[in-house]
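Protein chains in written order, with this note's numbering: chain A, 1034 to 1216; chain B, 1034 to 1216. Yeah, the Cβ is synthetic: ideal placement off N, Cα and C, and Gly gets one too. Only a predicted model underlies this, so the values are computations on that prediction, with no experimental measurement involved. Working notes, beginning with the structure itself.
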DNA sequence: ATAAAAATAGACCGATTAGTCTAGTGATTC
DNA sequence: GAATCACTAGACTAATCGGTCTATTTTTAT
């Protein structure tokens, strides 16, 4: 059974992924979880910002688990392709509503709240370091730089595929993954 | 001299670029432009959505002009590098507040308003077609697919550079542009 | 069993939201 | 010069925003 705090975090993570920072209201979270305001401000004394910070953390780590599972035990090319499939599935299963779990917050965080921007940065950093380690273990040269580039490509393709309601941008990545790896 | 309507569009374009759809309030726009509410609803009978739709259009076209100027008369590799420099300058000159002018709206539009999503899609489409034509005129093979990929890369690097407050992701693109072009 | 702590419950607050509506101003046209 | 139009002006509304506060219930520890 999930604790009230965890339910608040998970529901918030789902909402900020789709509607961003300002688009996600406290009352909507409370309504969806079915708890009163007192509970939220008991578990999150810092209010909305504290809640969103933890939701970013949760959403980012949950996504990393999905990526890690896709990569595990596979050679680089195959693993990265499976990672792209995770993103494609996220879009298709949600009718293009669920793209990257933290982008919608990350792109406004710089103009909103430094703590939240840092939370986003750390999630991105964790993903990238994870991928760099994976590539290194498979003997890929310049693993760190290539991990940076692969994430940039995937992130952009995620955004464009969502905006166009067409996964072709993500599918294209499968063509360019080997080109990046062999560069 | 700028008309009231144009001032409203330009100020809104600046605000949605930094704070997104829900983060941009009507009253903030009015305050910054210095006009009363009646003027806004006279020029934009559809209210906030109409205003934001036109702000997306304006911001997207303004950015395309900057990209076009960077590309003009240059060979592919040099032109694309200059295009990346435009993005780098946007970030540095705004202390990382101004990234892609429509991404902050695009990533939530699917869950908000279909008309606005379409406005974003059309801007992206215009940019991409423009770049594909540019590449084709320079004899680049598979110009359309490569334009798609280059935009995905740039878009992702824009997001990551902003989130990390570090232009290295955009600078990396200059390494991978020739690799994509020659693939 | 009782005291203390954790959590829930929700009324309430001031501020702000997008939007409406009525007046009034200014310029244009007949 | 009268009528019509485009536009400005801002008061006002209902709803919602994030947040505070006091009670009450539930759980834990002794």
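Selection from B:1143, B:1058, B:1117 and B:1157 that minimises the alpha carbon distance to residue 1201 of chain B: B:1117
Start-end ranges of the alpha helix (DSSP H) lying completely within the region 1074-1119 of chain A, minimum 4 residues: 1081-1104
Nearest residue (CA-CA) to residue 1146 of chain B, options A:1139, A:1075, A:1196 and A:1207: With distances taken between Cα atoms, residue 1146 of chain B lies closest to A:1196.
Exposed unless 16 or more other CB atoms sit within 10 angstroms - verdict on residue 1180 of chain A: buried
Boundaries (first-last residue) of the alpha helix (DSSP H) holding residue 1060 of chain B: 1059-1066
C-beta atoms of residue 1092 of chain B and residue 1046 of chain B nearer than 8 Å: yes
Cβ pair residue 1123 of chain B, residue 1137 of chain B closer than 8 Å: In this structure, residue 1123 of chain B sits away from residue 1137 of chain B, with a CB-CB distance that is not shorter than 8 Å.
Proximity test, residue 1072 of chain B beta-carbon vs the ligand MN heavy atom, cut-off 7 Å: The ligand MN is absent from the structure shown, which contains no ligand whatsoever.
Stretch pair the region 1090-1107 of chain B + the region 1153-1168 of chain A: three plus CB contacts closer than 8 Å: No, because fewer than three Cβ pairs between the region 1090-1107 of chain B and the region 1153-1168 of chain A fall closer than 8 Å, the two stretches do not touch.
Residues, ordered as in the chain, of the region 1174-1185 of chain B that lie near chain A by beta-carbon distance below 9 Å: 1178, 1181, 1182, 1184 and 1185
Short CB-CB distance (under 8 Å) between residue 1141 of chain A and chain B: yes
Per-residue burial, residue 1080 of chain A [other beta carbons within 10 Å of its own, 16 or more giving buried]: So residue 1080 of chain A counts as exposed.
The region 1049-1058 of chain B in contact with the region 1182-1198 of chain A per 3-pair CB rule at 8 Å: no
Exposed unless 16 or more other CB atoms sit within 10 angstroms - verdict on residue 1134 of chain A: Residue environment: residue 1134 of chain A is assigned as buried (16 or more neighbouring CB atoms within 10 Å of its CB, all protein chains considered).
Host alpha helix (DSSP H) of residue 1159 of chain B (start-end): First-last of the alpha helix (DSSP H) with residue 1159 of chain B: 1147-1170.
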